[in-house]
Amino acid sequence: MNSKLKPNDMQTLILTLIFSVGTFLCANAQNSVEVVITNFENENGKALVGLYNTEDSFLEDAWQSQSAVIKEGQASVVFENIPDGTYAVSAFHDEDDDQKLDMFLGFYPTEDYATSNNAPAKFGPPKWDDAKFDLRKGAKVIQKINMM
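Spelled out as structure tokens, the structure:
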């Protein structure tokens, strides 16, 4: 039995490897989320932005977080290399730069906040179902949200 590869066999092997790697890379394409936040009343402090990947963690424990400087009433961050899934974003204006959302009586935010899809906060915090969005197949999503 002859175990040497012929030139045509080698070309076939190389092409198969190239297509296999290309297919693998496309199948595992990562997503990105750009969050653009507007309607800041001033430029004090920073914008703190959290990306959540489960309903249970929403508004409590961000999967990823970033901060941004506020310029001319807006701030933006980009989350990259995000796997396919369902996500939500929340942000708040940390005016006093203490890394937490200040509350009055433990219930009412005293610093402005925003969530993905501009989910409403009526009679309580915004709901996951209103704020969630899907990322699939190398999507590049832009969430434009307004401070409340």
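Quick note on my numbering: the sequence shown kicks off at 809 and runs consecutively.
A virtual CB, placed ideally from N, CA and C, is assigned to each residue, including glycine.
Task: Buried versus exposed call for residue 839 [16 or more other C-beta atoms within 10 Å across all chains shown] - done: When all chains shown are included, residue 839 counts as buried.
- [ ] Taking residue 947 as the reference, give the member of 887, 901, 908 and 919 with the closest Cα.
- [x] 887
Task: Residues bridged to residue 887 [DSSP beta-bridge criterion] - done: 841
Task: Spatially closest choice to residue 904 from 889, 920 and 893, by CA coordinates - done: 920
Open item on the list: Assuming contact is defined by CB atoms lying nearer than 8 angstroms, are residue 892 and residue 859 in contact in what I supplied?
Closed with: By the CB criterion at 8 angstroms, residue 892 and residue 859 fall outside the cutoff.
Task: Closest by C-alpha distance to residue 894, when choosing among 912, 922, 871 and 881 - done: If we check each option's Cα against that of residue 894, 871 comes out closest.
Task: Minimum C-alpha distance to residue 906 - residue among 931, 934 and 875 - done: Nearest of 931, 934 and 875 to residue 906, Cα basis: 875.
Open item on the list: Please return the same chain residues whose Cβ sits closer than 6 angstroms to the Cβ of residue 852, not counting the five positions on each side in sequence.
Closed with: 903
Task: Nearest neighbour of residue 898, chosen from 889, 909 and 837 [CA to CA] - done: 909
Task: Those residues which DSSP pairs with residue 977 across a bridge - done: Any answer about residue 977 is impossible in this case: the structure gives the chain only from 809 up to 956.
- [ ] Can you check DSSP and say which residues form a bridge with residue 878?
- [x] None, per the DSSP bridge assignment.
Task: Cα-Cα separation, residue 850 to residue 951 - done: Taking the Cα positions, residue 850 is about 21 angstroms away from residue 951.
Task: Residues that residue 917 bridges to, as DSSP identifies them - done: 911
Open item on the list: Rounded to whole angstroms, what is the Cα-Cα separation between residue 912 and residue 845?
Closed with: If you take the alpha carbons of residue 912 and residue 845, they lie about 23 angstroms apart.
Task: residue 936 and residue 868 closer than 8 angstroms at C-beta - done: Against a cut-off of 8 angstroms, the Cβ pair of residue 868 and residue 936 comes out as no contact.
Task: Boundaries of the beta strand (DSSP E) in which residue 938 is found, first to last residue - done: Premise fails: residue 938 lies in the alpha helix (DSSP H), 936-939, not in any beta strand (DSSP E).
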